[in-house]
Structure formats: C-alpha cells, structure tokens
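**Q** Dropping the structure in here first, questions after.
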C-alpha cells in the first residue's frame, strides 16, 4: 500500500513541484504587488471622495485653496532651508545681499550696480538689477553657475562682455530678482 503511494508521488512529483512553485509565485505577487497597489488605490479613492465632498460643500474651494497655500508655504520653507535664506528676509535687500555674497565668493568686482524699473504679477515682484563688473572668465562662470542654482530667486536676462586682455573682462549683466508676494 505504501509502495503504491510512493510510486504515485514519483509519477506526479513534477506536477507537484510546478504547482508548488505556482502557488508560491502567486502568493508572493499577491503580497508584494497586488495588495500594496490595492491599498494605494483605496487611499486615492478616499482622498478623491474627500475632495469631491469639499468641492460640493459651501466653502469647499476656500478649504482647498487654504490646503494648497499651506503646502506651498511648507515647500517654500524647505527651499529656504536649502538655499540658506529665511522667510522673514524675503525682500529686495536680502536678495541683493545674497547676490553680493555670491559675487564675492566668485571673485567678481562690481563697478556699478544699477536698479531698473520693477514689474509685478500676481505671484512675484520682478526687480531687475544691471551689474557692471570686472572679472575673469572663470570667475564669471562660477558666479553665473551659482545663480543658476537658485532659479526661484534669480534670473539672468542679459549678458554683455568686453575683453580687456586675455583673461580679464568687463561685463554687464542684467539679473532679475524674483521676490514672492506674500499673501
């Protein structure tokens, strides 16, 4: 009797191994792929229903606007932390101080700093500043590179260069400071 069971197991061993592997792979896929995706979908549906309820309520748009403004404020604080600036000092003088410190770090010598007429939109005040500088190509490249790392604060609009010698240049740079409007 036992020998019949052993013979039957030997004949069906491959089928049992294949079935075991299939069950294992199905359980693994269920655990690591399907269940997390289902939970994310469920959480997304809950969030969507919350927003639909907010929109249909009396002051829903205001609530959503406040949430977006809060998230924007938190993101701005993270950017300020990375850039080394603070939210309290987001005025023109702090931007110019940062611009001057970047120039000093790059060995840029100012000949003249001339503010231009400001403009604004609903989110930003744009303060263009015309800088006349004397420097080297390498120092100018370092300075412009340091400004490009802060695209939410500065924008280089124009650049005019005049070579004085092999390495020395006079330059005019129009830089716009992008100052966010509080509100």
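In my numbering, the protein residues as written are 2 to 184.
Built from N, CA and C at the ideal position, the CB exists for glycine as well.
Counting only the same chain and skipping the five closest in sequence on each side, list residues whose C-beta sits under 7 Å from that of residue 134.
**A** 109, 110, 111, 112, 172 and 174.
**Q** Could you spell out where the beta strand (DSSP E) holding residue 169 opens and where it closes?
**A** Unbroken beta strand (DSSP E) run through residue 169: 169-181.
**Q** Who are the Cβ neighbours of residue 147 in its own chain at under 6 Å, not counting the five residues just before and after it?
**A** Closer than 6 Å at the Cβ level, and outside the excluded window around residue 147, lie 103.
**Q** Exposed or buried, which one is residue 96 when buried takes at least 16 other CB atoms within 10 Å?
**A** The residue in question, residue 96, is buried, as its Cβ has 16 or more Cβ neighbours within 10 Å.
**Q** Would you tell me roughly how many angstroms separate the C-alpha atoms of residue 90 and residue 181, rounded to the nearest one?
**A** Here residue 90 scores only 49 on pLDDT, less than 50, and its place in the model is too uncertain to base an answer on.
**Q** Could you check the C-alpha separation between residue 158 and residue 124 for me, to the nearest Å?
**A** Between residue 158 and residue 124, the C-alpha separation is close to 19 Å.
**Q** If you draw a straight line from the C-alpha of residue 88 to the C-alpha of residue 160, how long is it?
**A** Note that residue 88 scores 48 on pLDDT, short of 50, meaning its location in the model is unreliable; the coordinates nonetheless yield the value given after this. Spanning the two alpha carbons is a distance of roughly 30 Å.
**Q** Can you give the Cα-Cα distance for residue 28 and residue 37, rounded to whole angstroms?
**A** Taking the straight line from one Cα to the other gives about 13 Å.
**Q** Taking only the alpha-carbon atoms, compute the straight-line gap between residue 168 and residue 62 and give it to the nearest angstrom.
**A** Spanning the two alpha carbons is a distance of roughly 58 Å.
**Q** What did DSSP end up calling residue 143 once you bin it into helix, strand or coil?
**A** Residue 143: helix per DSSP, three-state reduction.
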